[in-house]
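Chemist: Numbering (the numbering used here), first residue to last: 16 to 609.
Just dropping this structure here.
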């Protein structure tokens, strides 16, 4: 299992190097057993009346030792070479593979596992080659060779030795399996405690605002208590299992001594030969005990390798063998699309609509209706279960990823900025853009005002995830990035949902400019944004309940009208009769003519 995972992790380009390493490793471990076994006839010959009989055995021992040293040197060098390859290329291979995965794969849980594998997992792979496989192979293959040699020297002691092997293996397997399950429980408890610590730190402003910070945090207290209980249970229950594993080795050796003494007392074996074979038996038990002592490290390595292999096992996003071209730039079409994150729970059901080029379409609906899922399918985070999603007139599955993403400029509600300068974060939209184009995009998104306030202007680092900017400022930078990209389609997923009036004003002005040159699809909660759209899609239970323009939908007094009234009341709007608005159209108080 470990070797199969190693092969996946190293990739086909290192298959030959891995094979050579394993050949030298096996040769070294077997020859170590051969060299040790040859000590028996050497010792017997030297203690016999004719010591000269030891000469051929000494020559054989010298030859085996010489080849053993060569194999050991080659295996060591090959192992460190592979470890160096892992250090220099595994992160690149991992990054290249992750870049081909569907964006829907990147849940918070999987991203956490990816981070863990990219750090601890990588170091564990290097340790496998540099420090782990050698003693493990020596601890398994060398005792096997010794047992076969004992079978040749004395079949009775040889059979006794072979019989001890399964006993030791079963004892350690039972112990390892139980300890492994216990460690999983401890790891899960530790992970939960860590999550609660992070949660406690992130919610300090809430806890302090309600005077709860000094009273502790019950979820954290419970998680720490569970971690302590799991750790205590592991300590209490692990020692007896480890004792069983260790005793099995020593009891096996005691059984061999008893068998040998019985044979010697019966005159069935020469005492000198018995001493030599028991010395050989000691070398049989020693490596097995060493492997047993490394069982915990082996489990950790196996788990890390398995997690890395699972990432490499993830199939990449299918790419078309013959990509098609965009035929209708700026258009979006859903044709009877059905999709669910779980097969038995569809989020979108037989959904169909069209977004014409260079228009603004607002998608509205209650939470969980499938609005964000629509944008994810447009960007091909996932592939649909049935139906077709078309961008620019082409099925997104028939477009190359580069062509599809070049056609889209998304702005999400949760903006992520890199720990780089303000300019670098905007330039991400189009790295080859000129300074003038970057500054123009910043001006259209209202970022120039931010630049003027920052101590180093364009060269000011924004901090990890843009932490040195406010939420609204980060949103403006994201919009500037989309403006600079100059893509035919702009996707705005609740980009103004949580903005203050000043930042919302900047974003709304930018949306108005964008709709003049691109198709704008916006998931909106702000009433002015919705009312200004050329087309409004009302999504209910994964279907289009209504579609049309603001005035027409209000006049129908259907789902949209009910949604509008609900949002109006939530925002403190009121109905103003006698204005030029459509019947029953709410107007904000600050927009009422004097």
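Every residue gets a Cβ at the ideal spot worked out from N, C-alpha and C, and that includes glycine.
1) Can you tell me where the beta strand (DSSP E) holding residue 535 begins and where it ends?
2) Can you check whether the CB of residue 525 is closer than 8 Å to the CB of residue 473?
3) What does residue 347 pair with, by DSSP beta-bridge criteria?
4) Just to confirm the assignment: which complete beta strand (DSSP E) runs, minimum length 3, are found wholly within the segment 378-427?
5) May I ask you to list the residues that DSSP assigns as paired with residue 462?
6) Using C-beta distances below 7 Å, list every residue in its chain close to residue 43, excluding the 5 sequence neighbours before and after it, in chain order.
7) Assuming residue 407 and residue 422 form a contact by the criterion Cβ under 8 Å, report the distance between their Cβ atoms to the nearest whole angstrom.
8) From 50, 200 and 219, pick the residue whose C-alpha is nearest to that of residue 78; which is it?
9) Which of helix, strand or coil does DSSP assign to residue 563?
10) Hey, how far is the Cα of residue 620 from the Cα of residue 560?
11) If residue 425 and residue 506 are in contact, beta carbons under 8 Å, what's the gap, nearest whole angstrom?
12) Need the endpoints of the beta strand (DSSP E) that residue 553 sits in, please.
13) Tell me the rounded alpha-carbon separation between residue 368 and residue 550.
14) Spell out whether any CB of chain C is found under 8 Å from the CB atom of residue 146.
15) Nearest by alpha-carbon distance to residue 11: which of 420, 494, 430 and 417 is it?
16) Measure the Cβ-Cβ separation of residue 292 and residue 169 and say whether it is below 8 Å.
17) Evaluate residue 340 with the Cβ neighbour count: other Cβ atoms within 10 Å of its Cβ, from every protein chain shown; 16 or more gives buried, anything less gives exposed.
18) Reducing DSSP to helix, strand and coil, say where residue 264 ends up.
19) DSSP on residue 272, reduced to helix/strand/coil?
20) If contacts are defined as beta-carbon pairs under 8 Å, then residue 313 and residue 557 qualify, I think. What distance do you get, rounded to the angstrom?
21) Contact check, residue 575 vs residue 553 under 8 Å by CB: the rounded distance?
22) At which residues does the alpha helix (DSSP H) containing residue 507 begin and terminate?
23) With distances taken from CA atoms, which of 332, 572, 571 and 583 is nearest residue 545?
24) Rounding to the nearest angstrom, what Cα-Cα distance links residue 73 and residue 145 in this structure?
25) Less than 8 Å between the C-beta atoms of residue 348 and residue 364, yes or no?
26) In the structure shown, what three-state DSSP assignment does residue 588 receive?
27) So, is residue 490 buried or exposed, given that buried needs 16 or more other C-beta atoms within 10 angstroms?
28) Among 104, 500 and 287, which has the Cα closest to the Cα of residue 138?
29) Please report the residue range of the alpha helix (DSSP H) in which residue 112 lies.
30) For the segment 65-72 and the segment 110-118, state whether three or more C-beta atom pairs, one from each stretch, are separated by less than 8 Å.
31) So does the segment 18-28 actually touch the segment 322-342, counting three or more Cβ pairs closer than 8 Å?
32) Tell me the DSSP bridge mates of residue 254?
33) Using only alpha-carbon positions, find the residue among 322, 569, 275 and 260 that is nearest to residue 186.
34) In whole angstroms, what separates the C-alpha of residue 61 from that of residue 287?
35) Would you be able to state if there are at least three C-beta pairs under 8 Å between the segment 368-387 and the segment 530-537?
36) Following the continuous alpha helix (DSSP H) through residue 72, name the residue where it begins and the one where it ends.
Modeler: For this structure:
1) Within the chain shown, residue 535 is the residue found at index 520, counting from 1. Residues 534-538.
2) Stepping through the chain shown from its first residue, residue 473 is reached at position 458. Stepping through the chain shown from its first residue, residue 525 is reached at position 510. Not in contact: residue 473 and residue 525 (Cβ atoms no closer than 8 Å).
3) Here residue 347 refers to the residue found at position 332 of the chain shown. Per DSSP, 370 and 406.
4) Scanning the segment 378-427 for uninterrupted beta strand (DSSP E) segments of 3 residues or longer gives 401-406 and 423-426, listed from N- to C-terminal end.
5) Working through the chain shown from its first residue, we reach residue 462 at position 447. None; residue 462 has no bridge partner.
6) Locating residue 43 in the chain shown gives position 28, where the first residue counts as 1. Residues of the same chain with a CB within less than 7 Å of the CB of residue 43, apart from the 5 flanking positions on each side, are 83, 86, 87 and 90 in chain order.
7) Working through the chain shown from its first residue, we reach residue 407 at position 392. Working through the chain shown from its first residue, we reach residue 422 at position 407. Contact holds; Cβ gap of about 6 Å.
8) Counted from its first residue, the chain shown places residue 78 at position 63. Looking at the Cα atoms, 50 is the closest of the given residues.
9) Within the chain shown, numbered from 1, the residue matching residue 563 stands at position 548. Secondary structure of residue 563 (DSSP, three-state): strand.
10) An answer regarding residue 620 cannot be provided, because it is not within the stretch 16 to 609 covered by the chain.
11) Sequence index remark: in the chain shown, residue 425 carries index 410 (1-based). Sequence index remark: in the chain shown, residue 506 carries index 491 (1-based). The Cβ separation is near 4 Å, so the contact holds.
12) Sequence index remark: in the chain shown, residue 553 carries index 538 (1-based). 550-555 is the extent of the beta strand (DSSP E) around residue 553.
13) Taking the first residue of the chain shown as position 1, residue 368 is located at position 353. Taking the first residue of the chain shown as position 1, residue 550 is located at position 535. About 11 Å.
14) Looking for chain C here will not work: only one protein chain is present.
15) Only positions 16 to 609 of the chain appear in this structure, which leaves residue 11 out of reach.
16) Here residue 292 refers to the residue found at position 277 when the chain shown is read from its first residue. Here residue 169 refers to the residue found at position 154 when the chain shown is read from its first residue. If you check the CB distance, residue 292 and residue 169 come in under 8 Å.
17) Position 325 of the chain shown, counted from the start, is the residue given in the question as residue 340. Counting Cβ neighbours within 10 Å, residue 340 comes out exposed, since fewer than 16 surround it.
18) Translated into the one-based positions of the chain shown, residue 264 becomes position 249. Look at residue 264 here: in three-state DSSP terms it is helix.
19) Walking along the chain shown from the start, residue 272 turns up at place 257. Here residue 272 sits in helix by DSSP.
20) Numbered from 1 along the chain shown, position 298 holds the residue referred to as residue 313. Numbered from 1 along the chain shown, position 542 holds the residue referred to as residue 557. Actually they are not in contact, since the Cβ atoms of residue 313 and residue 557 sit about 48 Å apart, beyond 8 Å.
21) Locating residue 575 in the chain shown gives position 560, where the first residue counts as 1. Locating residue 553 in the chain shown gives position 538, where the first residue counts as 1. Approximately 5 Å separates the beta-carbon atoms of residue 575 and residue 553; this is inside 8 Å, confirming the contact.
22) Indexing the chain shown from 1 puts residue 507 at position 492. No alpha helix (DSSP H) contains residue 507, which is instead part of the beta strand (DSSP E) from 504-508.
23) As a position in the chain shown, residue 545 is number 530, starting the count at 1. From the listed residues 332, 572, 571 and 583, the smallest Cα separation to residue 545 is found for 583.
24) As a first step, residue 73 must be located in the chain shown, where it is residue number 58. As a first step, residue 145 must be located in the chain shown, where it is residue number 130. Their backbone Cα atoms lie some 32 Å apart in a straight line.
25) For this step, residue 348 is matched to residue 333 along the chain shown. For this step, residue 364 is matched to residue 349 along the chain shown. The criterion of a C-beta distance shorter than 8 Å is not satisfied by residue 348 and residue 364.
26) Taking the chain shown and counting its residues from 1, one reaches residue 588 at position 573. With a pLDDT of only 48 at residue 588, under the threshold of 50, the placement of this residue in the model should not be trusted; the figure read from the coordinates follows. Here residue 588 sits in coil by DSSP.
27) Counting from 1 along the chain shown, the entry for residue 490 is found at position 475. Here residue 490 is buried. Its C-beta has 16 or more other C-beta atoms within 10 Å.
28) Indexing the chain shown from 1 puts residue 138 at position 123. The residue with the shortest Cα to Cα distance from residue 138 is 104.
29) Stepping through the chain shown from its first residue, residue 112 is reached at position 97. It spans 106-113 - the alpha helix (DSSP H) in which residue 112 sits, taken as one unbroken run.
30) Taking 8 Å as the limit for Cβ pairs, the verdict is that the segment 110-118 does not touch the segment 65-72.
31) The segment 18-28 is in contact with the segment 322-342.
32) Sequence index remark: in the chain shown, residue 254 carries index 239 (1-based). Bridge partners of residue 254: none, in fact.
33) Numbered from 1 along the chain shown, position 171 holds the residue referred to as residue 186. Of the candidates 322, 569, 275 and 260, 260 places its Cα closest to the Cα of residue 186.
34) Along the chain shown, one-based indexing puts residue 61 at 46. Along the chain shown, one-based indexing puts residue 287 at 272. In a straight line, the C-alpha of residue 61 is about 11 Å away from that of residue 287.
35) Contact holds: three or more Cβ-Cβ distances are below 8 Å.
36) For the purposes of this step, residue 72 is taken as residue 57 along the chain shown, with counting starting at 1. Run containing residue 72: 69-100, per the alpha helix (DSSP H) assignment.
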